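Heads up: the sequence shown runs through residues 0 to 105, numbered per the working numbering. Virtual Cβ for every residue (Gly too), placed ideally from N, Cα, C. No experiment lies behind these values; they were computed from the predicted model shown. A short worksheet on the structure shown next.
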Amino acid sequence: MKTTRELLGARIKELRKRKGLTQEQLAEKVDLATRYISLIEVGRSSPSLETIENIASTLEVELQDLFDYMHLDPERVAPKELGKSLEDIDEANRKLLYRIARVMAR
Numbered sequence: 000m001k002t003t004r005e006l007l008g009a010r011i012k013e014l015r016k017r018k019g020l021t022q023e024q025l026a027e028k029v030d031l032a033t034r035y036i037s038l039i040e041v042g043r044s045s046p047s048l049e050t051i052e053n054i055a056s057t058l059e060v061e062l063q064d065l066f067d068y069m070h071l072d073p074e075r076v077a078p079k080e081l082g083k084s085l086e087d088i089d090e091a092n093r094k095l096l097y098r099i100a101r102v103m104a105r
């Protein structure tokens with residue numbers, strides 16, 4: 000099973016290619032080194048929230064679109080695991096996840 004970092008990187012790569020951009024072009028547009036974009040895409044570096052927002056803006060996608068990567072690893076979230084995970088989350092985060100799920104379901 001891939002890590003969240005690897006899945007996020009793969010999703011960024013997928014969206015970058017769909018937009019017709021090279022790593023170099025994306026790096027230039029978000030003012031980062033090409034090597035750093037490469038590390039993000041292979042899941043070896045964790046970008047900051049600001050970097051993720053800049054990448055989403057440059058790729059002209061919503062922030063949540065970067066986290067729509069279940070098709071990249073179908074084993075990632077099994078319904079049983081999801082239910083168990085929710086039991087371990089505090090109330091505030093459970094509410095946040097509920098709101099995110101509602102937005103994504105639209």
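Short check: CB of residue i to CB of residue j, under 9 Å?
i          : j          : result
residue 63 : residue 99 : yes
residue 59 : residue 18 : yes
residue 65 : residue 14 : yes
Under the rule that 16 or more other beta-carbon atoms within 10 Å means buried, what is residue i, buried or exposed?
i          : result
residue 55 : buried
residue 49 : exposed
residue 86 : exposed
According to DSSP, is residue i helix, strand or coil?
i          : result
residue 82 : helix
residue 43 : coil
residue 6  : helix
residue 68 : coil
If you drop the 5 nearest sequence neighbours on each side, which residues of the same chain put their C-beta closer than 6 Å to that of residue i?
i          : result
residue 68 : 6, 10
Please report how far the alpha carbon of residue i lies from the alpha carbon of residue j, in whole angstroms.
i           : j          : result
residue 44  : residue 32 : 13 Å
residue 90  : residue 57 : 34 Å
residue 104 : residue 61 : 14 Å
residue 23  : residue 34 : 9 Å
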